[in-house]
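Okay, so here's the structure we're looking at.
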Amino acid sequence: MAELPETPLLDELEKGPWPSFVTEIKQAAEHHEEARDLLGQLERSYRERIGHWKHGGIVGVLGYGGGVIGRYSDLPDDFPGVSHFHTLRVNQPAGWFYTSKALRDICDIWEEHGSGLTNMHGSTGDIVLLGTSTPELEPTFKKLTEKGFDLGGSGSDVRTPSCCVGPARCEWACYDTLGLTYDLTMSYQDELHRPMFPYKWKFKMSGCPNDCVAAIARSDLSIIGTWRDEIVKDDAEVRKYADNGLDIFNDVVLNCPAKCMKWDGEKLEIDDEYCRKCMHCINAMPKALAPGKDRGATILIGSKAPIVEGALLSSVLVPFWKPEEPYEDLKDLVEAIWDVWSEEGKNRERVGEFIQRVGMGNFLEAIGLDPEPEMVAFPRENPYVFYDLSEDEDEDE
Amino acid sequence: MAELPETPLLDELEKGPWPSFVTEIKQAAEHHEEARDLLGQLERSYRERIGHWKHGGIVGVLGYGGGVIGRYSDLPDDFPGVSHFHTLRVNQPAGWFYTSKALRDICDIWEEHGSGLTNMHGSTGDIVLLGTSTPELEPTFKKLTEKGFDLGGSGSDVRTPSCCVGPARCEWACYDTLGLTYDLTMSYQDELHRPMFPYKWKFKMSGCPNDCVAAIARSDLSIIGTWRDEIVKDDAEVRKYADNGLDIFNDVVLNCPAKCMKWDGEKLEIDDEYCRKCMHCINAMPKALAPGKDRGATILIGSKAPIVEGALLSSVLVPFWKPEEPYEDLKDLVEAIWDVWSEEGKNRERVGEFIQRVGMGNFLEAIGLDPEPEMVAFPRENPYVFYDLSEDEDEDE
Amino acid sequence: MAEKVKRVTDIGPPHHDKLMPPICKENYGTWKYHEVLKPGVMVHVGATGDKLYTVRAAGARLVSIYRLRQFADLADKYCDGYLRFTSRHNIEFLLTYDANIDPLIADLAAMGVSVGGIGAAITSIVHTQGWVHCHSAATDASGVVKAVMDVVHPYFNGEKKLPGKLRIALACCLNMCGAVHCSDIAILGIHRKAPRTDHTQVAKICEIPNVVSACPTAAIRPTQVDGTPSVEVIEEQCMYCANCFTVCPSMPLNDPENDGVSIWVGGKVSNARSEPMFSKLAIPYIPNNPPRWPEVTDVILKLVELWAANAKPFERMGEWINRITWPKFFKMAGIEFQKEHIDDFKHAGLTFKRSTQIVH
Amino acid sequence: MAEKVKRVTDIGPPHHDKLMPPICKENYGTWKYHEVLKPGVMVHVGATGDKLYTVRAAGARLVSIYRLRQFADLADKYCDGYLRFTSRHNIEFLLTYDANIDPLIADLAAMGVSVGGIGAAITSIVHTQGWVHCHSAATDASGVVKAVMDVVHPYFNGEKKLPGKLRIALACCLNMCGAVHCSDIAILGIHRKAPRTDHTQVAKICEIPNVVSACPTAAIRPTQVDGTPSVEVIEEQCMYCANCFTVCPSMPLNDPENDGVSIWVGGKVSNARSEPMFSKLAIPYIPNNPPRWPEVTDVILKLVELWAANAKPFERMGEWINRITWPKFFKMAGIEFQKEHIDDFKHAGLTFKRSTQIVH
Ligand code: SRM
Ligand code: SRM
Ligand code: SRM
Ligand code: SRM
Ligand code: SF4
Ligand code: SF4
Ligand code: SF4
Ligand code: SF4
Ligand code: SF4
Ligand code: SF4
Ligand code: SF4
Ligand code: SF4
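Chains as they are written, first to last, in the numbering used here: chain V, 11 to 407; chain P, 11 to 407; chain F, 318 to 677; chain H, 318 to 677.
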């Protein structure tokens, strides 16, 4: 291999306590021309303060419409190692669990076929294999499937669903986030690999309202655990927290958004009838409090980044859902939504934008859900109501 | 006079403890044909569940473009007394103060020239003289001016400014609401009487953030008293409130939106640096607390009812203004706004809608005010920023 | 022109100084505090110890000059001739001698006028013209107001207690002259059928471009009917705001079968505790049922009682609902949640529930 | 077609059951509670008393396979071969034997990898590709992230304490792949010049109607240039979102002089206490200053310190600012408020201050 290029600017980023991506690239550059030329081109970007990638072309593996992001250098003569520098998105295991063996499998494949660089993980959640050339795509894919891995999504398809660690390691998981994630990923392999929608579709699963995968902010369907009975409370443990210095009144009671708690210095009272299941009191006292026993999830719809109509947070679609394998009710709902959105959605219109355009009431009618007050933060403030007189007449009969 | 018509439906509204407008109309009907036929037509409306007025025509007094609302019955043959039934809007005295003499002056004029019916007052604040015929308009106007009264606004003009009772009877008035109201009314007589704007313009003045004339909800320019130093506090009186049963912690401290108060059962502490001047603690303990001594007003702009673009609340334009006669700074501001809005506003576009259409930043530039963080509840959430590179270059120099 | 010169114009209203009791002038801007003495009666105390007693009497707002003269008489008898009206159309007698309070109240009672509305109470209803004077009205104003005030009267005169102030307002059409958009409880007259266009008249009386641009939902298009220019209303896009009618008399919407009122809750104006809030839709439609609108008075009384029983001290209707959440309010009030409750106008997306904070 | 049949496709990922440590399977869904033992180390306790220790190691996210193999070795050495990654790209070693904790941490330290990020701490920065892989980037991602994490490192490894969690995210362009729109502090790459249209290419490579409709502000119009169909950008209406570039490579915006980053604050995702919130604009523009973006790291450190010094326990950045109000925040942070801070997009009116509740 040729020597590493001079990178005085990037070298600055090897200093300091945080792990350095420059060190990582250099490590890979010892063995991979792609990584070496990436280093060179990146130094150039740092000097010129501009990226040196061309707008991606369409590349991929046979029969799949997504999963590979095509990328080409605009300085191919200077940096031939990155003249092609495509990325493969690979479905991560639910909860990002690995054995050392599985991890090594991936490393071995990528040592042979790519730059030796990865993102663990991409911000959708995939294993991102960073940079290879077109001829390497099929062989990489073949090796991946041999080891039990498959590609993720890109383009107007379902993206790899992702979830929080949930019941595997968290006492607050209100449903099986990993199980549902795996099930949806397997059920929608076709939709994942073969773009068929107006735009992308993301599923994210969090086990409780803490929402440790940021589902409410970045998934078209956000399934977030919750409960509907009383918080489980151990009074003795509450007192221990107080004894150990937790200021229960100021830091817990006053932070309750429902203002439904009382603390007299001895006993904590929670008026569960008004509790909003926000998690705060439980977060503050994990040994003393826990979500109730009647657990399930809230299903929310429509979050996304700003392009085109502005960023959205997901909003409530099903206030409380009891997840039960094989989740047929959820899949019926999802498919009803996909039908309507595929039929009526505009090109590059995410489902959240679609709902805003057609109106939530109309959308609910189209997918066959009844309006519920939990779907809105508050009822309309403007008097511009479309009255459906036919209904009134029905009632009169 | 003819007998009163049969009004079996309206008669029902003479029952019950609240003063009855039907009784009022009957009282007037004893002496006024207009009132008698109003009674008849109204009974008909009650029977048929529909109003019987035609879309108003343009009537008025000489040289004025507003102040009279033309109104004609659509049943003139049945109810000739209301075939014309125009209303005069009359500037109320600031704070709605009257001597018995002034009140009788108005009664006498309206006994001679109208239906004998009034609204004390209309919801903009005017004295509303309810119902007369076209030939009576000039004579009524003449008599009114003889007694020192003048017409209010209607159409695309300034409407009669109105204000809370303020310093005349309220300990919380942070500026002279009545003085400013009178001054603005007098300064803008021309704009009040001769429509010249894209649409109507309302001024409302409240002496403190309790906003007893609902200025923030229904005036294009809302001037609401406030202060910027410490709340004046009498600790002994605070303790008396506690002794007399006020739950200072729950009902005062916990209701403070700034969460800037402390109560240890003995002494109330207020961290004025964070106080939002909401008035709540003062309202709860008027003998113990009072607005600070550095008093003035916040100027807000743009509230209105829903037509066309949806209802608006006024929003902050000048966070803190020191009102000083003759209020030239305020008038300069108002006139700058009128210039821009008259020039660029669309027909029937209230100033609040206008600002939303052109953008607050552009509006501020046009009227020559600097942006201040108090003008927004929070800065923008979307990244769709129009960067003004010329400024940057200025800074670089 | 000669005529014009002689006429007195642009004189504005009389200066308030001439109409204000001397005690107000003397203590102008230096009042110290006030206390509520009993329902409808309060005292303001000045820096020098001066005391001004206010007796607030129920105002019907639509008053005859004969009634006004009675008030003037009472002012002369008890208040040196001074009185005022409030921003919500009540009458305030301004007394300096406290012994006059009870006789005044007795005289008012004899006239059928009660006192109240001060402090944590219901005061009179800000409202509009209705069938008494306006061409736009989808309901009457004064009649509904009278019927409602009759049922909530114990909350006006202090017979029954409340946690805080509660403001009711009524507007007889979407123009909302009663500014009902920020009231604890609002009653709003509504149409529910698209305008009936008189195609023979439109071009004659109205400016077609103005009519087209008046429509908030772009439901109006220029068209030709029998060779005459007119406008066409796309009925599915019309939400009956009547703004077209405001600019064009040939497009009336009034309709006895389908007009009625809607009920809105949770708005406020003051900046105390919480910021001002708009009212929100509670009940999309109640038919007009004159003379006493029993369905309306029932539901309002129920809402007042629900709030009174559940709110904390000082908590306004909207503050209470925000604390318990809207779904809980719908359940407690027994109101069915319908498609109409979901906003679908310009900023609708911002009303969607973007959180899992739900009271299950 | 024969080819296609032979290929294995649509198999999805390996099932997590095969990759999870036995203790996780045995206690699946029955964990009782957890405790933070020290910075970067926590224990989860199961119903039966089982204990699972987690050591969280700093993740650069852009990692080479050589580093991954080192992690695999450590997992073999201390964790029976089990490890996981977090939703914010850290590495979690899953131990059942507490005596292994300190040796593991020592080995990590020797590799230059610190542990931390658990509890009231700053954890790693969710971010994107930047100049490493994306054609759209207005700034680099990994470099800025490394520079920022270096300065806030004492808040990662527990040397310095914080009132609550603080999440930083970075996206290198308005596509916001880092989903920075709900972060306590967000760093967002921005362009500031309208696209440079290559008129000879547009019609060849792009679909003009798609290009026109891609623009959120309707700044793009179809046109003809030298007889070829192309598009015209009305520069005053362009806010540089690059959405046109996404659908049409002939409209690049990258520009070394004018690209840079903006800083946003006060967003959150969790439903704890307050509902999820969007981040808001704090600093409209900081030029790209590689390799270490000192202006960016300075301001972020300052914001973190300001919040740390003033927030109450548990109070996230946005919750703290909401309590003290935004104007106060601008004052305390010494940030000049400019026109850019005022929203002028679709729902702008709802961001105006519609109350007198002001901290003067
Ligand atoms: C690789 C990744 C960033 C990363 O470094 O982690 C990424 C990279 C790109 N994203 Fe993304 N997005 C990635 C996660 C996201 C996320 C976060 C998420 O999924 O949780 C978002 C925000 C959430 C959302 O979906 O709204 C996101 C919102 C976008 C958007 C804006 C979509 C919108 O509706 O607003 C675009 C633009 C587009 O689709 O044309 C985009 C487009 C792109 C493209 C394909 C560029 C383009 O214009 O076509 C980027 C390719 C970069 C490259 O060269 O590799 N990317 N993108 C992430 C995927 C890795 C993975 O599969 O795990
Ligand atoms: C008389 C009065 C109602 C009352 O009974 O008190 C009234 C009556 C009318 N208003 Fe009003 N408005 C009255 C106060 C208001 C208020 C309240 C206020 O001023 O505080 C508002 C809401 C605040 C605002 O200005 O937005 C109000 C908002 C409207 C609107 C909607 C304006 C908008 O921008 O949304 C219209 C429609 C229009 O202007 O075409 C309107 C139009 C009308 C018209 C002229 C009807 C029309 O379509 O042309 C009504 C004449 C009724 C009649 O026959 O007498 N009126 N109008 C009030 C004036 C009395 C007075 O001068 O004191
Ligand atoms: C007389 C009047 C002003 C005027 O110039 O006419 C007035 C007078 C007073 N108001 Fe008011 N307010 C008056 C309309 C209003 C309005 C406007 C409205 O209702 O349309 C508001 C805003 C209502 C809203 O928020 O929707 C208003 C919100 C307040 C508040 C804040 C209440 C709250 O907690 O939100 C206070 C403070 C309090 O009551 O503790 C207040 C307090 C007061 C005090 C105590 C001020 C004082 O120290 O003198 C006065 C008598 C108390 C009372 O009525 O309870 N006044 N007050 C108005 C009487 C109307 C009536 O006949 O009932
Ligand atoms: C490991 C991880 C889930 C995963 O599947 O990977 C995780 C794990 C835990 N989270 Fe989380 N959270 C994880 C990302 C998140 C995210 C997502 C994000 O940051 O993008 C959030 C939402 C952040 C936001 O609101 O912007 C998140 C918001 C929380 C909260 C709510 C904090 C708050 O007060 O707002 C808690 C409760 C707490 O900390 O008291 C929590 C609590 C926890 C607990 C204590 C749950 C438990 O009992 O096991 C876990 C360890 C504590 C810790 O890190 O402090 N976790 N947590 C993620 C670790 C990321 C990292 O490497 O640092
Ligand atoms: S979202 Fe809830 S269940 Fe999932 S890891 Fe976070 S705290 Fe645990
Ligand atoms: S979970 Fe949240 S809303 Fe429920 S009691 Fe605890 S702090 Fe209050
Ligand atoms: S607004 Fe303030 S100053 Fe005016 S009357 Fe009401 S409480 Fe007094
Ligand atoms: S005026 Fe309002 S914000 Fe200020 S201390 Fe009193 S209650 Fe708090
Ligand atoms: S609210 Fe409508 S109907 Fe009532 S007075 Fe105003 S314009 Fe007329
Ligand atoms: S009533 Fe309103 S929505 Fe209907 S056509 Fe007329 S202006 Fe348009
Ligand atoms: S945020 Fe923009 S520049 Fe960064 S990876 Fe995503 S699309 Fe590319
Ligand atoms: S950069 Fe955005 S705003 Fe500018 S022309 Fe392109 S799409 Fe429109």
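Ideal Cβ placement from N, Cα and C applies to all residues, glycine included.
Cβ of residue i within 8 angstroms of any chain H Cβ
| i | result |
| --- | --- |
| Arg249 of chain P | no |
| Asn293 of chain P | no |
Length of the line joining the Cα atoms of residue i and residue j
| i | j | result |
| --- | --- | --- |
| Ile675 of chain F | Met385 of chain V | 10 angstroms |
| Leu487 of chain H | Lys585 of chain H | 14 angstroms |
| Tyr602 of chain F | Ile652 of chain H | 50 angstroms |
| Arg640 of chain F | Ala268 of chain V | 6 angstroms |
| Val550 of chain H | Glu122 of chain V | 46 angstroms |
| Asp415 of chain F | Ser381 of chain F | 29 angstroms |
| Arg443 of chain H | Ser133 of chain V | Per the sequence shown, residue 443 of chain H should be read as Val rather than Arg. Cα to Cα, Val443 of chain H sits roughly 7 angstroms from Ser133 of chain V. |
| Cys174 of chain V | Tyr337 of chain V | 19 angstroms |
| Thr33 of chain V | Asp424 of chain H | 18 angstroms |
| Gly26 of chain P | Phe631 of chain F | 29 angstroms |
Bridge partners - residue i, DSSP secondary structure assignment
| i | result |
| --- | --- |
| Pro539 of chain F | F:Val548 |
| Glu653 of chain H | According to DSSP, which records beta bridges pairwise, Glu653 of chain H is partnered with nothing at all. |
Which of helix, strand or coil DSSP assigns to residue i
| i | result |
| --- | --- |
| Asn129 of chain V | strand |
| Leu113 of chain P | helix |
| Arg373 of chain H | strand |
| Ser325 of chain V | strand |
| Arg169 of chain V | coil |
| Ile659 of chain F | coil |
| Leu479 of chain F | coil |
CB contact check: residue i to chain V, cutoff 8 angstroms
| i | result |
| --- | --- |
| Ser587 of chain F | no |
| Ser579 of chain F | yes |
Residue-level contact to chain F via CB, residue i, 8 angstroms cutoff
| i | result |
| --- | --- |
| Asp404 of chain P | Because Asp404 of chain P carries a pLDDT of 46, less than 50, the predicted location of this residue cannot be relied on, and the following value inherits that uncertainty. Output row for Asp404 of chain P: interface = no. |
| Glu636 of chain H | no |
| Ile234 of chain V | yes |
Chain P within 8 angstroms of residue i, Cβ atoms only
| i | result |
| --- | --- |
| Ala387 of chain V | no |
| His516 of chain H | no |
| Asn605 of chain F | yes |
* Asked: Which residues, in chain order, does the stretch 536–566 of chain F contribute to contact with chain P at a C-beta distance below 7 angstroms?
  -> Result list: Cys558, Asn560 and Pro566.
* With 7 angstroms as the limit, tell me which residues of the stretch 657–668 of chain F have their beta carbon closer than that to any beta carbon of chain V; keep them in chain order. => Considering only beta carbons, the part of the stretch 657–668 of chain F lying closer than 7 angstroms to chain V consists of Glu657, His658, Ile659, Asp660, Asp661, Phe662, Ala665, Gly666 and Thr668, in chain order.
* To do: Residues of the stretch 296–326 of chain P with a CB closer than 9 angstroms to any CB of chain V: list them in chain order, please.
  => Taking 9 angstroms as the Cβ-Cβ cut-off against chain V, the residues of the stretch 296–326 of chain P that qualify are Pro316, Gly320 and Ala321.
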